[in-house]
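A.B. asks:
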Ligand code: ZN
């Protein structure tokens, strides 16, 4: 297999409604670097950048399956309020780290009832079609150590 590359990009991410969800182009942000094949970024975006070189600009539309997945209704479920012992006030939109059989998972509070709190463990961008506006800033061969570690040094 060819040596993977370290690719550095500027990106702006919008959803179907045209709302900006994230951008590397605002003040104080650095462009994003990733090691190819190391699952540092979502697969759909990495695939679109495989043949790209520094200076290339492109727009990439990514369906949920290639992005953060479809919304799984089974991940939306009530838990007893007592599970939030020690939390003064629970409000919709709050995020918690929960321990699950699959490892730590961020869950969001969607509804607060008298006895139960409804939580959603889907990725916040699950179900969204993602629209990336990307510019490749740099692309170079990864070092052996970066390839081994799966992240950029
Ligand atoms: Zn390392």
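Residue numbers (the working numbering): -7 to 145.
Just so you know, even glycine gets a beta-carbon here, dropped at the ideal spot from N, CA and C.
Note that this is a predicted model, so its numbers are computed, not measured.
Classify residue 112: buried if its beta carbon has 16 or more other beta carbons within 10 angstroms, exposed otherwise.
C.D. replies: Looking at its Cβ environment, which holds 16 or more other Cβ atoms inside 10 Å, residue 112 is buried.
A.B. asks: Taking 7 angstroms as the cut-off, does the CB of residue 115 come closer than this to any heavy atom belonging to the ligand ZN?
C.D. replies: Not so, every heavy atom of the ligand ZN lies at least 7 angstroms from the Cβ.
A.B. asks: Relative to the C-alpha of residue 7, which residue among 79, 122, 30 and 104 is closest?
C.D. replies: Looking at the Cα atoms, 122 is the closest of the given residues.
A.B. asks: Could you check the C-alpha separation between residue 85 and residue 67 for me, to the nearest Å?
C.D. replies: Whole-angstrom Cα-Cα distance: 16 angstroms.
A.B. asks: Distance check for residue 127 and residue 23, CA to CA, integer angstroms please.
C.D. replies: The straight-line gap from Cα to Cα measures roughly 10 angstroms.
A.B. asks: Distance, Cα to Cα, residue 91 vs residue 99?
C.D. replies: If I take the Cα positions, the gap works out to 10 angstroms.
A.B. asks: With three or more C-beta pairs closer than 8 angstroms as the rule, is the segment -5 to 2 touching the segment 126 to 143?
C.D. replies: As far as the Cβ criterion goes, the segment 126 to 143 touches the segment -5 to 2, which means the pair count is three or higher.
A.B. asks: Closer than 6 angstroms from C-beta to any heavy atom of the ligand ZN: which residues, in chain order?
C.D. replies: Per the Cβ criterion, the list is 141, 143 and 145.
A.B. asks: In chain order, what residues of the same chain lie with their CB nearer than 8 angstroms to the CB of residue 137, ignoring the 5 residues before and after it?
C.D. replies: Answer for residue 137: 145, listed in chain order.
A.B. asks: Hey, is the segment 28 to 35 in contact with the segment 50 to 68, meaning 3+ C-beta pairs nearer than 8 angstroms?
C.D. replies: They touch, by the three-pair rule.
A.B. asks: State the CB to CB distance for the pair residue 134 and residue 42, rounded to an integer number of angstroms; the pair is presumed to be in contact (CB under 8 angstroms).
C.D. replies: Not quite, the Cβ-Cβ distance comes to about 14 angstroms (not below 8 angstroms), so this is no contact.
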